[in-house]
Amino acid sequence: MPTKKTNQQDQATIHDQTLVRGQGGELHQIADGDENVLTTANGVPVSDDQNTLKAGERGPTLIEDFHFREKIFHFDHERIPERVVHARGYGAHGYFETYESLAKYTRADIFQRAGEKTPAFVRFSTVAGSKGSSDLARDVRGFAVKLYTQEGNWDIVGNNMPVFFIQDAIKFPDLIHSVKPEPDRDFPQAASAHDTFWDFVSLTPESMHMIMWVMSDRALPRSLRFMQGFGVHTFRMLNAADESTFVKFIWKPKLGMQSVTWNEAVKINGADPDFHRRDLWDAVHAGNYPEWELCLQLFDQAFADGFDFDLLDATKLIPEEILPAIPVGRLVLDRMPDNFFAETEQVAFMTQNVPPGIDFSNDPLLQGRNFSYLDTQLKRLGGPNFTHIPVNAPKCPFHHFQQDGHMAMRNPTGRANYQPNSFGAGPRESPQRGFRSFSEVDTGPKARLRAESFADHYSQARQFFRSQTETEQRHIAMAITFELSKVETTTIRERVLSHLLNIDETLAKIVADKLGIGKLPKPADAAVKIRADLKPAPSLSMQENPPETFAGRKVGILVSDGLDGSLLKALQTALGKAGATAEIIAPKVAGVKAADGSFIAAKHMIDGGPSVLFDAVVLLLSEAGAESLCKEAAAKAFVSDAFTHCKFIGYSASARSLLVKAGVAPDADEGIMALDDAKSVTSFVEACKQLRLWTRETVVKQ
Ligand code: HDE
């Protein structure tokens, strides 16, 4: 048969064979009947996906072209509403491994057997920004964990901070409206630094404790792998005898906590808006599976009654100095989703998802959430059958009589779709195995009330601030100053100051001074006396609990032609031993030639790999390479930014001129380290465990 070409650029049909172009432009044949043949959603094999069906070569497109219509129709409907909060998120699969039986406290199946592995899916998120916003916004991070237990899915829908802005769920829409872009102008995106947010929080003193947390470095995590997670509310555990123990959930990262500075965050957002998701993707693909320990703070009614605050108040926490958190298992993330939309976008977390043995407390925020999460899925996922989507489906046996509705994938089989029935068909409830609520006795007048025990809004805010190191306190002061500098209404700035005066007078004075406010306002009226006797709790500080490891961190190595290849090798080996990774930055992305003639491939060109993307940097340059880089603004910024951000900087002797040109004295401090042999390389990597030389910050004044 003669060859008949349908399109000279992309495709040719030869009798019963199709030619398609490969990545290199070469033509491949797909034989008829090949398993990989393109089909419509209806399964009809497609012969031509490059051209619509036309009446004549130059004629109009025919509506009869069902393949075209179906393809465009589906494309038109690809979007679903993004989450109203936590729209930007990234997820991964993994497992939870139970350390020991917790049968004494809970009959939850997941905690019965030591060593048991339960599949898990985790989604991390920012709260305020839309789906396409940058990863390093100053914001709370969502830390939502779905555990596919043998007795149903258990969702711990937490955050990376242990408290929240509000005490009652009815205020949530107001809080979120205030932080989202202002409605008349639709900006700023993913930022709390604007009038409406600070207006709302300054009129809502219960938010002050959380304000301290979001103004701290916790709101700028270096990696999703380096942050803690908290269930926030008080929950209950119920054992086989239905005895209740209160519990708070804390996830602690194995690699320790780490954050970036605001100046870095701003630059990272430009250099790599996907910084956090790329980091998680890279780590999991490299087999460096991130891990957290689940720790429990367990307590009884007597502890709750004796505690300084109401444990139903989500603006309060229990310092670990008062109640230690016991590790009970570990969470490991070891697999990225096959498809972002199918899993990460469609995953439906719901606080109401608890298995037998876990129960709610009366926290009014939690009670409200139990409505909201179910409700929101209907809007986002389009119908009541979202549990049929694989990422949301339980992995244990399940039987019920729910049926029909949009996109029903499974319906009850047989005649009886109700119970009880006399056809002997279908599941029945089990008083023994089934979920039972704690039989709490609550009586009181029906009223819109807030308990007096929720009235102290400042004492723990003050305790948090006082528990921070000097550097951390400085960062909080700088963050509040920055945010308020973006607030245009001066009365709002002053109102915030009136609250700060109740938290820490020095903090208020520093912020006022930096804003140029000469006269401090009167402190805000406090509903109850502010406690000055709460001891600082070092467990609340990130810097007081350093990771003491460089594992999982990344070093940027700036190289040039003629570098010392053996020094590079020694560095790479030492970093590998420390569990860290390295990326090469070169003047040209193709790479460089070392002095010994070996070729070194690069990951970034200098403008594409700024030092904000790394935890520490090294300059391995030849004299000529350094000379030439001295003329490049990006190379100088690479060095000066690393210095400003208090990072450890290693350099080969011949790279000295670049340091100097970037305004960094090679002997400025102990964080600038000359590398000339394997021993000095080892000392450098050892020093990097400190992550940052914060003492430098007072000199550079970021
Ligand atoms: Fe959420 N929250 N929230 N929230 N939240 C949602 O549910 C809501 C709160 C949290 O990765 C929504 O599926 C109310 C506290 C996370 O998919 C929505 C209140 C904490 C995620 C919702 C709160 C959280 C959400 C939006 C006040 C920390 C992302 C889309 C009572 C303990 C989950 C969705 C994911 C998502 C409502 C407060 C954490 C609208 C009404 C406190 C991690 O249902």
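To convert a position in the sequence shown, counted from 1, into this note's numbering, add 522. A virtual CB, placed ideally from N, CA and C, is assigned to each residue, including glycine.
Reduced DSSP category for residue i - H, G, I as helix; E, B as strand; rest coil
i     : result
R1218 : helix
E704  : strand
M759  : strand
P1045 : coil
F1170 : coil
T535  : The predicted model places T535 with a pLDDT of 43, which falls under 50 and marks its position as unreliable, so this point remains unresolved.
T1204 : helix
K1211 : coil
T528  : No answer about T528 holds up, because its pLDDT of 41 lies below 50 and its placement is not dependable.
F908  : helix
D1055 : coil
A984  : Ala is not the amino acid found at residue 984; the sequence shown has Arg there. The answer is helix: DSSP assigns R984 an H, G or I state.
N1024 : helix
Q819  : strand
K1223 : coil
P859  : coil
K1008 : coil
L1142 : strand
M523  : With a pLDDT of 37 at M523, under the threshold of 50, the modelled position of that residue is not reliable, and the figure given next carries that caveat. In the structure shown, M523 sits in coil (DSSP, three-state: anything other than H, G, I, E or B).
R932  : coil
R591  : helix
N675  : strand
L853  : strand
Check whether residue i and residue j have beta carbons under 8 Å apart
i     : j     : result
E1225 : P878  : The structure shown does not extend to residue 1225, since the chain is modelled only from 523 to 1224, so the question has no answer here.
T991  : E1066 : yes
D717  : E1010 : yes
R758  : S766  : yes
H928  : G904  : yes
D885  : L834  : yes
D794  : L1197 : no
L1080 : F1160 : yes
H608  : F643  : no
T756  : S647  : no
N761  : T628  : yes
S989  : S1063 : yes
L1142 : L1085 : yes
A1177 : A1148 : yes
M1230 : A983  : What is shown of the chain runs 523 to 1224, which leaves residue 1230 out entirely.
A805  : G578  : no
I1025 : F976  : no
A1100 : V1139 : no
P812  : R747  : yes
A713  : L742  : no
A824  : F768  : no
R707  : G651  : no
beta-carbon residue i near the ligand HDE non-hydrogen atom, thresh 7 Å
i     : result
L1090 : no
A691  : yes
V963  : no
G611  : yes
F665  : yes
R645  : yes
S1162 : no
V754  : yes
L1037 : no
V869  : yes
N810  : no
L833  : no
S894  : yes
Strand pairing of residue i, partner residues [DSSP]
i     : result
G828  : Answer by DSSP bridge pairing: none, since G828 is not bridged.
F646  : Y612 and F665
H494  : Residue coverage of the chain in this structure runs from 523 to 1224, which leaves residue 494 outside it and unanswerable.
S1225 : A query on residue 1225 cannot be resolved here, the shown segment of the chain reaching from 523 to 1224 and no further.
K1091 : Paired residue(s): none; K1091 is not in a bridge.
A1112 : Paired residues: none, contrary to the question.
M1195 : G1172
P641  : Y617
G1098 : According to DSSP, G1098 bridges with nothing at all.
W784  : Beta-bridge pairing links W784 to no other residue.
L1080 : I1107 and L1141
N681  : G664 and F752
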